[in-house]
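In terms of full-length UniProt numbering, the sequence shown opens at residue 1 and continues consecutively.
Only one structure is covered here, and it is reproduced in the block below.
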Amino acid sequence: MLEKTDSDWMQEALSEAYKGWEKQEVPVGAVIVHNGEMIARAHNQPITGCNPVAHAEILVLQQAARALGNYRLVDCDLYVTLEPCTMCAGAIIHSRIRRVIFGACEPKSGAVVSVTQVLDQPQMNYRVEVTQGVLQDECGEMMSAFFRERRRQKKEERKRLRLC
Numbered sequence: 001m002l003e004k005t006d007s008d009w010m011q012e013a014l015s016e017a018y019k020g021w022e023k024q025e026v027p028v029g030a031v032i033v034h035n036g037e038m039i040a041r042a043h044n045q046p047i048t049g050c051n052p053v054a055h056a057e058i059l060v061l062q063q064a065a066r067a068l069g070n071y072r073l074v075d076c077d078l079y080v081t082l083e084p085c086t087m088c089a090g091a092i093i094h095s096r097i098r099r100v101i102f103g104a105c106e107p108k109s110g111a112v113v114s115v116t117q118v119l120d121q122p123q124m125n126y127r128v129e130v131t132q133g134v135l136q137d138e139c140g141e142m143m144s145a146f147f148r149e150r151r152r153q154k155k156e157e158r159k160r161l162r163l164c
C-alpha cells in the first residue's frame, strides 16, 4: 500500500473546509495524521458553535488529543488549508505537533510566515517544522470563491431591501 503524500492529506483538509462552507463558515479545514493514519479532522465552526475559538486547528487538536489520550501530539502532523492565526499557532506549539503543513498564506492574520512568525520565536522551548504552499492554488481559490459568493449574496440582499 502506498503512503499518502502531503497533497493527499491536504485534499482531506480541503474536504473538511468544504463542509464548513456548506454551513456558511469560513472554509478552513484541518486533519491530523499520526503514523500514516488520519486520527482527527475538523473545519471552522465559530458561527455554528457560537464559539470564537472553534477554529479548525483548535478543534482538530482537541480531537487528536482525545484519540491518543495525550495532549502532547509529538508524532503528529497537522494539515490545514489556511495559514494558522496567532491563537492557533500558540495551540500548535503547546500541543507539540511535529509538523504543520498549510496550503494558502493568510496575509491579514497569518502567524506562521505572513504577518508574524509565532512558531519561530527564539524563546520558545519547542520547534515545529513548517511546510507551506501544499495545494496552495486550490486552498486559496476556495477562500476566494467563498468570499466572492458572500459578497454577491450581500449585494443581492441590499438590492432586495431597497425594493421593499
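Idealized CB from N, CA, C, for every residue including glycine.
Source: prediction; values computed, not measured.
Check each candidate in the options and name the one with the smallest Cα separation from residue i.
{"i": "I32", "options": "A64, Q123, R150, E129", "result": "A64"}
{"i": "R98", "options": "L73, E37, C139", "result": "L73"}
{"i": "R150", "options": "E106, E25, M38, C139", "result": "E25"}
{"i": "Q45", "options": "H34, N35, E16", "result": "E16"}
{"i": "R66", "options": "H34, I47, I93, P52", "result": "H34"}
{"i": "P84", "options": "F147, Y126, T48, T116", "result": "T116"}
{"i": "Q69", "options": "A145, M87, A40, E156", "result": "Inspection of the sequence shows that residue 69 is occupied by Gly rather than by Gln. Checked all of A145, M87, A40, E156; the closest Cα to G69 is A40."}
{"i": "A89", "options": "V112, V53, K108, Y71", "result": "V112"}
{"i": "W9", "options": "G49, T86, R148, C139", "result": "C139"}
Considering just the uninterrupted stretch of the alpha helix (DSSP H) at residue i, what are its terminal residues?
{"i": "G20", "result": "6 to 22"}
{"i": "A65", "result": "56 to 68"}
{"i": "I97", "result": "Note, I97: premise wrong, no alpha helix (DSSP H); not H, not E."}
What would DSSP say about residue i, mapped onto helix, strand or coil?
{"i": "M142", "result": "helix"}
{"i": "L38", "result": "For clarity, residue 38 is Met in the given sequence; the question names Leu instead. Residue state, collapsed to three classes: strand."}
{"i": "G90", "result": "helix"}
Can you give me the Cβ contacts of residue i inside the same chain, cut-off strictly under 6 Å, excluding the 5 residues immediately before and after it?
{"i": "A30", "result": "A13, A42, A56, E57, V60, V80"}
{"i": "S95", "result": "L61, L73"}
{"i": "I101", "result": "D6, Y79, T131, V134"}
{"i": "M38", "result": "V31"}
{"i": "residue 170", "result": "Examination of residue 170 is not possible in this model, given that the chain is present from 1 through 164 alone."}
{"i": "residue 167", "result": "The requested residue 167 is not part of the displayed model; the chain covers only 1 to 164."}
For residue i, report the span of its beta strand (DSSP E) as first-last.
{"i": "E129", "result": "129 to 132"}
{"i": "T116", "result": "It is not in any beta strand (DSSP E) - T116 carries neither H nor E in the DSSP assignment."}
{"i": "D77", "result": "76 to 82"}
Suppose the cutoff is 8 Å on Cβ atoms and the five residues either side in sequence are ignored; what does the same chain contact list for residue i look like?
{"i": "K19", "result": "G29, H43"}
{"i": "V128", "result": "I92, I93, I97, R98, R99, V100, L119"}
Could you pull out every residue in the same chain whose Cβ sits closer than 7 Å to the Cβ of residue i, ignoring the five residues on either side in sequence?
{"i": "C76", "result": "I32, V33, H34, A64, I97, R98"}
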